[in-house]
Amino acid sequence: GRGFFHAFLTVYSMYLGRHTFIPHALSLVSFLMGAPANYYAKSDTIEFAAFLFCSSVACLPLSFKYFANNPAVRRCNSVAIIISVIFALLQPDLFGSDNGFSTVASSFGVSSDTTWPTWVILSAITVSLLAFTSLFRIPRFLMALFLGTCAGLYFCGEYLVFNLTLFVFFISMFNVVAVMVLY
Numbered sequence: 001g002r003g004f005f006h007a008f009l010t011v012y013s014m015y016l017g018r019h020t021f022i023p024h025a026l027s028l029v030s031f032l033m034g035a036p037a038n039y040y041a042k043s044d045t046i047e048f049a050a051f052l053f054c055s056s057v058a059c060l061p062l063s064f065k066y067f068a069n070n071p072a073v074r075r076c077n078s079v080a081i082i083i084s085v086i087f088a089l090l091q092p093d094l095f096g097s098d099n100g101f102s103t104v105a106s107s108f109g110v111s112s113d114t115t116w117p118t119w120v121i122l123s124a125i126t127v128s129l130l131a132f133t134s135l136f137r138i139p140r141f142l143m144a145l146f147l148g149t150c151a152g153l154y155f156c157g158e159y160l161v162f163n164l165t166l167f168v169f170f171i172s173m174f175n176v177v178a179v180m181v182l183y
């Protein structure tokens, strides 16, 4: 009871302080990294990653004090910290406001304003973390198929113009390689 209440209050106070604490924390990160002032505060993704990171770090002592006999809570907390760092590194577009072209297809004149390849990689990393920390039991074969499909989708979405035959071929090849590597 008390541990969940403290965790809720910690996350809620971080939510209420998102307009005061997080911009100052991002300004400090900008200063420490040698970037221009408020360089990291321009993106909603960075703000969300900072919110998730600060909330997870603030809940870390609670998970060790109140939930010392429950390793799943500590694992969830550490996975949240790692996911926030991955969000900060990959910076996927949260609200569809990406106006740049990030694929090779754009150099051939094909407008590619999709950001789903980054989300595919983010989901592959997240599921891998959840599987490797034993939060979810995923059979090895299904894990290989999932990671192969994610890698194939990322490759196709990032480097190829949409063609269903090519997508199916490359995703199949990535799945075969993933299964062969795993076994």
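Here the sequence shown is numbered in this note's numbering, starting from 1 and rising by one per residue. Heads up, the beta-carbon is just placed ideally off N, CA and C, and yes, glycines get one too.
The beta carbon of L94 sits closer than 6 Å to the beta carbons of D44, T45 from its chain, once the five residues preceding and following it are set aside; these are given in chain order. The distance from the Cβ of A58 to that of I22 is about 12 Å, inconsistent with a contact at the 8 Å cut-off. Only residues of its own chain outside the window of five on either side were considered, and among them G148 have a CB closer than 8 Å to the CB of V177, listed in chain order. Contact check between the segment 6 to 14 and the segment 51 to 70: three or more CB pairs, one atom from each, fall below 8 Å, which counts as touching. Around P36, the same chain offers S30 as residues with beta carbons nearer than 8 Å, after the five sequence neighbours per side are excluded. Taking C-beta atoms as the reference points, M143 and A151 fail to come closer than 9 Å.
By the 16-neighbour rule on beta-carbons within 10 angstroms, A7 is buried. When rounded, the separation of the alpha-carbon atoms in F141 and L182 is 8 Å. Of the residues assessed, L164 falls on the exposed side of the cut-off, its CB having fewer than 16 other CB atoms within 10 angstroms. Contact between the segment 81 to 90 and the segment 112 to 129 is present, with at least three C-beta pairs closer than 8 Å. Taking the C-beta atoms as reference points, I121 is found nearer than 9 Å to L90. DSSP places Y15 within a helical segment (H, G or I) once states are collapsed to three. Note on geometry: alpha-carbon atoms of F5 and Y15 lie some 15 Å from one another. Around the Cβ of G157, a 10 Å sphere holds 16 or more other Cβ atoms; the residue is buried. The criterion of a C-beta distance shorter than 9 Å is satisfied by L62 and G3. For the pair P117 and L153, the CB atoms are nearer than the 9 Å cut-off. Taking all protein chains in view, the Cβ of N77 is crowded by 16 or more other Cβ atoms within 10 Å, so the residue is classified as buried.
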